[in-house]
Each structure stands twice: as structure tokens, then as C-alpha cells.
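Per the numbering used here, the sequence shown runs over residues 127 to 360.
First up is the structure itself, then whatever we jot down about it.
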Amino acid sequence: MLKVTDLSVNYDMIQAVKNISFEVNEGEIVTLIGANGAGKSTILRTISGLVRSGSGDMTYRGKDITKAAPQKIVEQGLIQVPEGRHVFKGLTVQENLDLGSFTRKDKENVNADLDHVFERFPILAERKKQDAATLSGGEQQMLAMGRALMSKPKLLLLDEPSMGLAPIFIKEIFRIIEDINKQGTTILLIEQNANVALQVADRGYVLETGKIVLTDTGKNLLKSDAVQKAYLGG
């Protein structure tokens with residue numbers, strides 16, 4: 127579904143991503159794990175068209191998206207939930223969700239999908255007229271994910287969904303991620319909490335300073351001595 131080949135990304139004189147290659151197959155949950163500064167968020171922003179690559183190629187569902195505009199990428203069903211959630215403050219929960227469907231052509235199905243989002247996230251239904259800024263961190267993460275689902279994603283990019291959340295919300299968010307995947311959405315997950323990410327992932331890639339240094343199934347990476355020592359406190 128997504129294939130990244132020899133991707134490099136530069137910030138001024140700094141090479142943040144160094145000739146990495148990986149792929150995400152339809153139906154999978156794939157995770158990229160690594161310490162802060164490893165290049166994880168840069169990779170997602172580059173896939174989404176928000177950052178331009180220095181070299182390399184990216185194809186999505188057989189189409190070259192290396193130089194595609196962000197809105198064109200969204201229209202193809204590749205949707206990102208950004209780090210830090212970035213809900214629209216001053217707008218209600220429902221208005222935030224409505225913005226998620228902005229690029230859709232099938233407007234006749236939007237109301238039904240809104241109902242599905244409210245079924246998946248009951249707290250959002252209870253607070254649909256509330257300013258998004260007044261939600262807790264966990265509720266804002268649910269809103270950001272619900273807004274992305276309103277775009278009808280085929281591939282969902284999640285950037286640090288557990289960041290800043292209490293353990294009870296982390297457990298719930300990852301339960302929802304698994305459920306979204308089981309309903310047919312492919313997921314590429316960036317997550318500093320390697321333990322929870324690898325538990326739900328079919329496959330994982332480990333990044334260090336802009337390079338992929340290890341790849342395997344999520345289960346095997348959980349057992350890896352190198353991953354245990356570096357990321358799991360083993």
C-alpha cells in the first residue's frame with residue numbers, strides 16, 4: 127500500500143532522515159519506534175507532503191506521491207493524526223469533526239459516518255457542543271482520531287498517540303487503534319512507548335538517528351535483546 131524507497135530529508139545542513147526504505151502492506155499495523163530525534167515524526171510529515179524530501183521516492187497504492195501536495199494526498203485517503211493532537215480551539219467538538227469531512231465528495235454519507243464516530247467515541251457525542259479546547263488530553267486525542275476517521279482514511283498515520291496521556295487513556299487509545307485496524311483501516315504508527323506499540327503491531331522498524339537499524343515482527347522485536355535494552359528497560 128505504501129512504499130518508501132531511499133528516503134532522505136534535510137533540515138538546513140542537518141540530515142534528519144538518511145536513505146531509509148520501508149513498506150506498509152494493506153491491512154497491517156506497522157510501527158516506527160525510536161528515541162526522540164530519531165526522525166520518526168519527520169518521516170510521517172514527509173509522507174503527508176508537509177515536508178519535502180531531499181531524495182528518494184514514495185508510492186501510495188501504486189501512485190507516486192513524492193512531490194504531491196498535502197491536500198491531494200489527503201484526497202487519496204492517506205490521513206495523519208499529528209503529534210500533540212492539534213484540535214481546533216474555539217470550535218466545538220462537532221465542528222472539528224465536520225472539518226474532517228471537508229475534502230470528501232460523498233457528502234450524502236457524512237452524517238452516517240459522524241454517527242459511527244460518536245458510537246466509537248461516546249464521550250464526543252456527550253460533548254459535541256463543547257469547545258474542543260476544554261476537553262482533557264485523552265479526549266482531545268479521541269477527537270483528533272475521530273476527525274481523521276471522518277476523512278474515510280485507507281491509511282491512517284498516527285504520530286505519538288499516547289504522548290502526555292494517563293495510563294488509563296493510553297490503554298483505551300490503543301484498544302481503539304486495534305479496533306480501527308480490524309474494521310479495515312491500515313495503520314502506520316509512530317510511538318515512543320515501544321512496549322505498547324510493538325504489542326499491537328504486525329511489524330516494526332527501529333530507527334536511530336535517521337536510519338533504520340532493525341526490522342521484524344512486533345512480537346519478535348518485543349523479545350529482541352537490543353530493543354529490550356534500548357527501549358523497554360530490559
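Idealized CB from N, CA, C, for every residue including glycine.
Remember, predicted model here, so these are calculated numbers, not experimental data.
Per DSSP, which residues does residue i bridge with? Please list them.
i, result
"Ile205", "Leu282"
"Gln325", "BP columns for Gln325 are empty, so no partner."
"Gln141", "Asn136"
"Thr343", "Arg329"
"Leu158", "Ile316 and Tyr331"
"Leu358", "According to DSSP, which records beta bridges pairwise, Leu358 is partnered with nothing at all."
"Asp190", "Thr185"
"Thr172", "Thr172 pairs with nothing; no bridge assigned."
In angstroms with no decimal places, state the Cα-to-Cα distance between residue i and residue j.
i, j, result
"Val143", "Ala195", "20 Å"
"Thr335", "Ala258", "35 Å"
"Gly330", "Val156", "6 Å"
"Ala251", "Gln206", "22 Å"
"Ala320", "Thr312", "19 Å"
"Gln220", "Pro208", "19 Å"
"Thr343", "Glu154", "11 Å"
"Gly160", "Pro293", "20 Å"
"Met93", "Thr172", "No information on residue 93 is available, as it lies outside the stretch 127 to 360 that the chain covers here."
"Leu358", "Asn346", "13 Å"
"Leu170", "Arg253", "30 Å"
"Ala356", "Lys349", "12 Å"
"Asp285", "Asp351", "26 Å"
"Gly165", "Phe214", "26 Å"
"Glu317", "Glu234", "35 Å"
"Val236", "Gln256", "20 Å"
Among the candidates the options, whose CA atom is the shortest distance from the CA of residue i?
i, options, result
"Tyr186", "Thr260, Ser288, Asp224 and Asn151", "Asn151"
"Arg246", "Leu358, Arg301 and Asp224", "Arg301"
"Leu225", "Glu209, Ile249, Val200 and Gly210", "Val200"
"Ser174", "Val353, Asn319, Glu298 and Leu282", "Leu282"
"Val369", "Val353, Leu284 and Gln197", "Shown here, the chain extends from 127 to 360; a query on residue 369 therefore has no answer."
"Lys129", "Asp351, Asp190, Arg178 and Asn307", "Asp190"
"Gln141", "Gly163, Ser350 and Met184", "Gly163"
"Leu364", "Gly263, Gly210, Val213 and Lys278", "This structure cannot settle anything about residue 364, because the visible part of the chain is limited to 127 through 360."
"Lys198", "Val213, Gly180 and Leu176", "Leu176"
"Asn307", "Glu298, Gln318 and Lys280", "Lys280"
"Leu314", "Asp138, Asn145, Ser167 and Leu133", "Ser167"
"Met127", "Leu217, Met184, Leu223 and Lys355", "Met184"
"His242", "Gly264, Ile316, Glu317 and Leu223", "Leu223"
"Gly216", "Gln202, Met139, Ala323 and Leu261", "Leu261"
Pop quiz: residue i and residue j are said to be a contact at Cβ under 8 Å. What is the actual Cβ separation, rounded to whole angstroms?
i, j, result
"Leu158", "Leu333", "6 Å"
"Gln266", "Arg178", "Going by Cβ atoms, the distance from Gln266 to Arg178 rounds to 29 Å, so no, they are not a contact pair."
"Asn136", "Gly182", "About 11 Å separates the two Cβ atoms, so there is no contact after all."
"Val322", "Glu304", "That belief does not hold up - the Cβ atoms of Val322 and Glu304 are roughly 11 Å apart, past 8 Å."
Can you find a heavy atom of the ligand MN that lies under 8 Å from the Cβ of residue i?
i, result
"Gln325", "As far as ligands go, the structure on display features none, and thus does not contain the ligand MN."
Next item on the list: Could you tell me whether the segment 215 to 234 touches the segment 262 to 273, using the rule of 3 or more Cβ pairs below 8 Å?
Entry: yes
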